[in-house]
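This report concerns only the one structure given below.
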Amino acid sequence: MVSYLHLYRFATNYELGAVVIAVSSAVIHGVAFPLFAYVFGDALNDLGEGGDDVVASVSKRCLYMVYIGIGSWALSWSWHSIFTATASFQATRLKIRYFEAVLCQDIAWFDAISPAELPTRMTEDVAKVQRALGFRVGLFIMNASMGVAGLTVGFLRGWQVCLVMLAAMPIIIISTSILGIVLSRASKISQSSYAKAGAYAEEALSSIRTVTAFGGQQREIERYSSALEDARKGGTRSGLYTGISLGLIMGSTYATYALTIWYGGTLVRNGTINTFTGLPYTGGDILSVFFSVLMGISVLVPSFKYLLLLFSATFGVGQAMPPIQTFQIGKASASEIYRVIDEEKPLIESPITPTTSNSSNSATLVASSSSSKLSTTTGVFSTLAFHDVCFTYPTRPEVQVLTNVSFHITTGMKVAFVGESGSGKSTVMALLERFYDPVSGRVEINGIDYREYGVGGEPIAIRSFFGYVGQEPVLFATSIRNNLTYGLGYTPSENQIKEACQRANVHTFISSLPNGYDTYCGTSSGGGGQISGGQKQRVAIARALLRNPQILLLDEATSALDNESEKMVQSTIDNLQRTTRLTTISIAHRLSTVRNSDIIFVMQSGVLVEAGKHVDLISRRPHGVYYALVSAQEAAHVVNTADIMPSGRPRLILLDEATSALDSASEAIVQKAIDNLTLSSSRGDKPTTVVIAHRLSTIRKADIIIVISEGRVVESGTHDELISRKGVYYDLYEKGQQ
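Counted from 1, the sequence shown has number 725 at position 475 by the numbering used here; the numbering is strictly sequential.
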């Protein structure tokens, strides 16, 4: 756990100076109450003595009280406003630095942590740190000052009674220490538990359509409740120990009051002289004044002023205890945040350098400097090569994902990686983008180890070479325009944006929306608002093209598109290659999309087993790996599909482009499983299947096909009936066949 002073690490010099002023104000403010009690006691003495000048004397004391009140108001405003403002500034700065530190981490770091926990850390934990730096600090200092001042004045004015009232202090200190330790441990447990529960909740809510479709609400509730169980148990234990500690504190305090009254009686009985005033204590006066002030009775006598001073001391110490709990919780929260900022350093150079200055509430992202070896590099891509690359994921070091992979690519080539699922294709993509570094071997761009480059944020950086389009399009919760220009180092013109969208065959759709390019498209996980999966994919492709990349990475990029859109996008990419020498590297399950590639790399179990053009690879029959893949897709034959479908007997099966991301062989397996389920069921048990499909070949055997255009049903019937009409369905089918 970090020290309390370490919480101020992000404060500026001006803020530290203001905090010093606030601390001084709180200290002086704490002295005000004992001082008031002292003046009040003198006023009681004046009233008790009577005489002709009693009014003048009491008026003088009352004027002192007014001065104390005005000073207390000014001091209270000073320390409260300063602590609140500086805590807010530091919390804002801490959030930025933490978010910055998280964004600088390697992709491997996110593999080992749930990203959904991070927002909880940024909000709840930082809020706890802010509370530990806020006005409660001033409250603690004021009450501590009140306690010290009260004890000091009380000891001077009546040391015998003061010592009696201090009898409970060891019990209070021990109880408070135990309370602080228990609360700190309970806070750590609850933070971890709440972060985990928050991750579950965010995952469920962001995937609410899937949860609802599969009736998973109860399962998600159970997962969420289970994650909160540790917090509940910790809260129960914390409540038990807190109750015991507070009970000891309060019980010992009231017992001390009783002991004080009893001891005061002995002083009166023995006629003990008060060494400060030189007068004997009076028992009746002590009892009557003590109870009159505590219980609101107006029987006032002068000797009570000493006991009132001592009461203010114990009150101050007691009130100083609750803020300590806030400080303990704040320290526990800060320890995890500071660990990420200070200790979790990325192995791969970040595209931004975390700021070290605290002079601003906003962090400045500084581009990292690349190696001096690149001083003569033009930044124009010419060659890309893997040399005996081996790789294992940091979270699974025992699994060899790539083994001695070597290949060479030159500018303008159309390259494809194919293979079964889990063969290492996507891992090659991840290494190209330098999401990870190889365990052994080298990756070279233009003959230079790509670790000599930066990763982004500078003119010559690895990621400036690439444009990337993944299988699952990711759009942020903002406008289409902002999604298209995301991450660009320049502001594109309207014509540049439209040209990229026209190339990706999405401009017409965007223009048809009410707000055009300013349409809010929603989050990728939340359903996407007004944009379908295929449309989101085309927006993602347009975003990649807008970067004017020298290498375009396509990871199943057209899997969610219908045949017509896929053909248009592929034609666009081919035209770009011819006119701009664009290099494309693609991963594909549908081997028909990569037949025209200049070179096809075939992966199997992390090993590059074959390389060549389609014609060369297919000629290696019958034992070639690529030939086997092509044959499997063309045959689309499945022997055993019994395990594909769930064990239950659903009455209704909804398939929303369920096979669009599959290769032909996998698609045939799923389709065969559905057909088998239908054929094996008795007529009364046959499930109803509702399919949304772009590839019309998958629905030719449907009992009825409903054709929708611009939100309206325009045709319905069997495949043969619709083909004979030569209408909308016929046009779609013909385009798909072409």
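C-beta: ideal position from N, C-alpha, C; glycine also. Note that the structure is predicted; figures quoted are calculated from it, not measured.
The stretch 307-323 and the stretch 643-652 do not touch, with fewer than 3 CB-CB distances between them shorter than 8 Å. Each of R473, T525, A436, A341 was checked against the Cα of G485, and the nearest Cα belongs to A436. Burial is judged here by how many other beta carbons sit within 10 angstroms of a residue's own beta carbon; L634 has at least 16 and is buried. In this structure, V678 lies away from A790, with their beta-carbon atoms at least 8 Å apart. Shown here, D687 sits in coil according to DSSP, grouped into three states, outside any helix or strand.
Scanning the stretch 353-396 for uninterrupted alpha helix (DSSP H) segments of 4 residues or longer gives 357-361, 367-370, 376-383, listed from N- to C-terminal end.
Looking at the backbone, the Cα of S869 and that of Y877 are separated by about 8 Å.
Cβ atoms of Q410 and L517 come within 8 Å of each other, at about 6 Å. For Q854, the pairing in a beta bridge is given by DSSP as V857.
Taking Q355 as reference, the option from F260, E453, I591, V252 with the minimal CA-CA separation is I591. In the displayed model, E470 falls within a helix according to three-state DSSP. If you draw a straight line from the Cα of I837 to the Cα of V269, it comes to about 58 Å.
Pairing E472 with L682, the inter-Cα distance amounts to about 41 Å.
Distance between V432 and S425, taken at the CA atoms: about 11 Å. The residue among F283, A276, G466 with its C-alpha nearest the C-alpha of W329 is A276. Between L832 and T660, the alpha-carbon positions lie close to 10 Å from each other.
Beyond the five residues adjoining it in sequence on each side, I421 comes within less than 8 Å, by CB distance, of L498, I499, S502 in the same chain, given in chain order. If you compare the alpha carbons of R962, L905, E965, N654 with that of I942, the shortest gap goes to L905.
Going by beta carbons, F657 and A362 fall outside the 8 Å limit.
Residue pairing for S966: DSSP places it in a beta bridge opposite I956. Note that the C-beta distance between A445 and E367 is below 8 Å. Collapsing the DSSP output to three states places G319 in a helix. Taking every protein chain shown into account, the CB of I391 has 16 or more other CB atoms within 10 angstroms, so this residue is buried. The criterion of a C-beta distance shorter than 8 Å is satisfied by L796 and A750. Counting C-beta atoms within 10 angstroms of its own C-beta, H873 has fewer than 16 neighbours from the protein chains shown and is therefore classed as exposed.
DSSP places C771 in the coil class of the three-state scheme, outside both helix and strand.
Your pair I850 and V844 checks out as a contact, with CB atoms roughly 6 Å apart and the cut at 8 Å. Boundaries of the alpha helix (DSSP H) around A750: 744-753. By the 16-neighbour rule on beta-carbons within 10 angstroms, P799 is buried.
By the criterion of a C-beta distance shorter than 7 Å, A477 is surrounded in its chain by S443, K446, A447, Y450, once the five residues flanking it on both sides are discounted.
Under the DSSP assignment, A417 falls outside any alpha helix (DSSP H); it carries neither an H nor an E label. As a beta-bridge residue in DSSP terms, H637 pairs with R692.
DSSP lists E694 as the beta-bridge partner residues of D699.
According to DSSP, residue pairing for L902 in a beta bridge involves T938. V432 sits in a helix when the DSSP states are folded into three classes.
DSSP, read as helix, strand or coil, puts D824 in helix.
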